[in-house]
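**Student:**
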Amino acid sequence: MTLVAMARPEPVVDFATRAPKADATGLPLYTVQVAAMFQDQGEVLAVKVAGEPQGISPGLPVQLAGLVAQPWELGERSGIAYRATAIRPAEGAKGGERATRTPAA
Numbered sequence: 005m006t007l008v009a010m011a012r013p014e015p016v017v018d019f020a021t022r023a024p025k026a027d028a029t030g031l032p033l034y035t036v037q038v039a040a041m042f043q044d045q046g047e048v049l050a051v052k053v054a055g056e057p058q059g060i061s062p063g064l065p066v067q068l069a070g071l072v073a074q075p076w077e078l079g080e081r082s083g084i085a086y087r088a089t090a091i092r093p094a095e096g097a098k099g100g101e102r103a104t105r106t107p108a109a
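So in the numbering used here, the last spot in the sequence shown is 109, and the numbers never skip.
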């Protein structure tokens, strides 16, 4: 499975008050949009994490530690909420670079 950050981390805010949300320890919550791709299928996941992830930029391969999927239901709406203990750049990942194509000989 390949995981790629689709956007920079964004603070999670309370819908009603617009105040930043925090976890039980007081760390601010952030959401990172992550493309999860496996073979010919993919999906974008909104993954929440406590504390601002460092070094995350769009297009950068990432690693998710402690990923948990929690189903939710509100009236007739339902979905899955994703939470991780950490989101960090994948080993050896470098952001903002394009692969160089070598001409065929």
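All residues carry an ideal CB built from backbone N, CA and C; glycine is no exception.
Owing to the predicted nature of the structure, the values given are computational and were not obtained by experimental measurement.
In the DSSP output, what is Phe-42 paired with across the bridge?
**Tutor:** DSSP output for Phe-42 lists Gln-45 as bridge partner(s).
**Student:** What's the C-alpha gap between Pro-107 and Tyr-86?
**Tutor:** Because Pro-107 carries a pLDDT of 46, less than 50, the predicted location of this residue cannot be relied on, and the following value inherits that uncertainty. Taking the straight line from one Cα to the other gives about 42 Å.
**Student:** Check the C-beta distance from Val-53 over to Gln-37 and give it rounded, since I have them as a contact under 8 Å.
**Tutor:** No, Val-53 and Gln-37 are not in contact; Cβ-Cβ is about 12 Å, not under 8 Å.
**Student:** Give me the Cα-Cα distance between Arg-92 and Met-10, rounded to the nearest whole angstrom.
**Tutor:** Distance between the alpha carbons of Arg-92 and Met-10 is about 13 Å.
**Student:** What number of angstroms, rounded off, separates the C-alpha of Ala-39 from the C-alpha of Val-66?
**Tutor:** Taking the straight line from one Cα to the other gives about 10 Å.
**Student:** Under DSSP, the beta strand (DSSP E) around Thr-6 begins and ends at which residues?
**Tutor:** Run containing Thr-6: 6-9, per the beta strand (DSSP E) assignment.
**Student:** Quick one: grab the DSSP three-state call for Gln-58.
**Tutor:** Three-state result, Gln-58: coil.
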